[in-house]
Amino acid sequence: MISLDNDLTLYPIKLEDQPTLFELMDEVYNSAYPDFWTDEGEWYLELCYSFENLKKELSADNSHYFFVEYQGNKVGILKYDFPFSPTKTEIPHAMKLHRLYLAQSVHGTGIAQQLMQYVEKVAKENELDFIWLEAMTKKPQAKRFYEKMGYAWVLTYQLEFERLHSEVRGIQIMKKKV
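Following this note's numbering, the residues of the sequence shown are numbered contiguously, the last one being 178.
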């Protein structure tokens, strides 16, 4: 457990938490991205939050995966990996902010900013040079938030997920010098 303040705590996700993780992300992810997918995101949820994928992700030494709890309620997830450089471009000595999803009910509360500051602290403590992430181009509010947090565009590419509508396949790699 990592306490960020009196109301905000990170709890490491364990394999036995998979049903809870899946249920939480079914609510959180699907409230944000249902119109991006031909199947309302069902395939993507299974890809990312299945027992098999969670087992694989938790077995990686460089993976750090947490439930985000606010005032005692699970409101999202945070996952970062280091060292980790993208395959599309070289970002050496870097951390990937892999997943940051929060329930709509806590948007605008400052939780995301606190989590970003925590990730940056971890990167500094581990003497990393950069943090990078991927953001969907058709989610401009996310891009604005990351820019406000000091992230800059590196490159844009297209996701090749068959069930993802073609007009929303653009994704940007953004990075920040730590």
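Virtual Cβ for every residue (Gly too), placed ideally from N, Cα, C.
Item	Value
Starting from E40, trace the beta strand (DSSP E) in both directions and tell me its first and last residue.	That residue, E40, is in no beta strand (DSSP E); it is neither H nor E in DSSP.
In the DSSP output, what is P12 paired with across the bridge?	F66
Between W37 and R144, what straight-line distance do the alpha-carbon atoms span, to the nearest angstrom?	23 Å
Use the C-beta contact count for K148: other C-beta atoms within 10 angstroms, 16 or more gives buried, fewer gives exposed.	exposed
Buried or exposed: A60, going by 16 or more other Cβ atoms within 10 Å of its Cβ?	exposed
If you reduce the DSSP assignment to three classes, tell me which class L128 lands in.	coil
Just list the beta strand (DSSP E) runs in the region 128-171, keeping only unbroken ones of 3 residues or longer that don't cross its boundaries, in chain order.	130-136 and 152-158
Counting only the same chain and skipping the five closest in sequence on each side, list residues whose C-beta sits under 8 Å from that of L58.	I13, K14, L15 and Y65
Here's a check: name, in chain order, each residue in its chain whose Cβ is nearer than 6 Å to the Cβ of Y49, leaving out the five neighbours to either side.	L21, F22 and M25
May I have the straight-line CA-CA distance separating D81 from G108, to the nearest angstrom?	26 Å
Would you decide whether K176 is buried or exposed? Buried here means 16 or more other CB atoms lie within 10 Å of its CB.	buried
Check each candidate in L10, N6 and Y157 and name the one with the smallest Cα separation from L100.	L10
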